[in-house]
Amino acid sequence: MNVTQLISAISSAKCLRKNLSSQINPNICIPNSPNDSFEMSLSAKRNLQAKKILSRTRKFDIDSYNFLSKAERTVLMATSLHVQDAAKQSVKMGLAVKKHLDERFGDGNYVFVSIGTSPAGIGRVLEFMGVETKYIPISGLSFCSQNDYYKKFVPLFPKYIDFLDNQGISKEKIEASGKTYLFFDYTRSGRSLKLFQKIMREYFGIDCKNIKYKSFDYECYSASAKKIDPEKYAVDYIDFYVNKEHIAEFAGVDHLPLWELDKIERCKTFESENSKRFNFLIIDMLKRKKLLKYNPKNKNTL
1 MNVTQLISAI SSAKCLRKNL SSQINPNICI PNSPNDSFEM SLSAKRNLQA
51 KKILSRTRKF DIDSYNFLSK AERTVLMATS LHVQDAAKQS VKMGLAVKKH
101 LDERFGDGNY VFVSIGTSPA GIGRVLEFMG VETKYIPISG LSFCSQNDYY
151 KKFVPLFPKY IDFLDNQGIS KEKIEASGKT YLFFDYTRSG RSLKLFQKIM
201 REYFGIDCKN IKYKSFDYEC YSASAKKIDP EKYAVDYIDF YVNKEHIAEF
251 AGVDHLPLWE LDKIERCKTF ESENSKRFNF LIIDMLKRKK LLKYNPKNKN
301 TL
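Counting from 1, position 170 in the sequence shown corresponds to residue 170 in the working numbering; the numbering is continuous, with no gaps.
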């Protein structure tokens, strides 16, 4: 074959490939090389395997982790970088928060309650370290605090009170616990936490001496300030994951505005693939650090 024939053959091959590409499913990519084909098929295969593994359960917890084979854990480790970073930063912040709370209230003497999604990422870290943890899906409080707008939704409260009782949050259960219940909320203005406290006392009938309402961001700042090298990571965590609400993607807690409290049942079945991946990574990191601890009181938590 001379040079002219060789060029002609190459040109024909390119045309054939182009024609084939136009006739097949546009979502199927023809690789440029055998290595591309191998890499893409392996990535797609792992992703499908991960989805199948995660579909076994609504919420990924310590029991879910212990059920995995070594091969399945390897598959789940190959997750996207933004999920890995969220888990890594949450563990770093969570360890500092737990140490801070242990020093103030005593290890095992408090219950961490996340109001809405903002504190829920740190809540997962504490939950998997054995801290009794609860998640309360509720949002829109700051908006509803204006001109007593929240009063329009009082008729929706009874069903929500039943949900709280099922989660172990009632006047009788809190007083009998012997623990301090710490209700955390992100306090950009403080209006939402004030309204939540008012609703708890005046409408839910939950007004106990062993309840404390805490600013989540302030406690994170206090916790990081005690570190030798704080690196302003609390500021970065609050700004990116809380203020910009990125943690909502991983928290595994449904977004429930005050005006939809009668739809609380949907929160019991809410699930998110990224929250499962997030939980897996947190559990794996804590296990490697020998900090993983199962608490049976978290069995029915959201």
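Ideal placement from N, C-alpha and C gives every residue a C-beta, glycine not left out.
Asked                                                                                                   : Found
Within the segment 175 to 255, ranges of the beta strand (DSSP E) (whole runs, at least 3 residues)     : 180 to 185, 211 to 215
Extent of the continuous alpha helix (DSSP H) to which residue 301 belongs                              : Segment: none, residue 301 is in no alpha helix (DSSP H) and carries neither H nor E.
Range covered by the beta strand (DSSP E) that runs through residue 59                                  : Per DSSP, residue 59 belongs to no beta strand (DSSP E) and is neither H nor E.
Test item: CB-CB of residue 220 and residue 238 under 8 Å                                               : yes
Contact set for residue 60: own chain, Cβ-Cβ below 6 Å, skip 5 residues either direction                : 276, 279, 280
Assigned exposure category for residue 117 - 16 Cβ within 10 Å defines buried                           : buried
Cβ separation of residue 123 and residue 114, assumed to be a contact under 8 Å, to the nearest whole Å : 4 Å
C-beta contact flag for residue 294 and residue 62 at 8 Å                                               : yes
First through last residue of the beta strand (DSSP E) which encompasses residue 114                    : 110 to 115
Exposure label - residue 74; buried when at least 16 CB within 10 Å                                     : exposed
Beta-carbon proximity check, residue 153 vs residue 258, cutoff 8 Å                                     : yes
Proximal residues to residue 100 (C-beta, below 8 Å), its chain only, five neighbours per side dropped  : 219, 222, 223, 226
Distance, residue 241 Cα to residue 97 Cα                                                               : 16 Å
Check: residue 171 C-beta below 7 Å from any heavy atom of the ligand FMN                               : This structure does not include the ligand FMN; it has no bound ligands of any sort.
Which listed residue (58, 79, 57) has its alpha carbon closest to that of residue 45                    : 79
Nearest candidate by alpha-carbon position, reference residue 191, set 161, 214, 208                    : 214
Any chain D beta carbon closer than 8 Å to residue 173                                                  : Absence of chain D from the displayed structure is noted, only one protein chain being present.
Buried/exposed call for residue 126, threshold 16 Cβ in 10 Å                                            : buried
Residue burial classification, residue 254 (beta-carbon count within 10 angstroms, cutoff 16)           : buried
Residue 111 beta carbon less than 8 Å from that of residue 286                                          : no
DSSP-derived helix/strand/coil call for residue 133                                                     : strand
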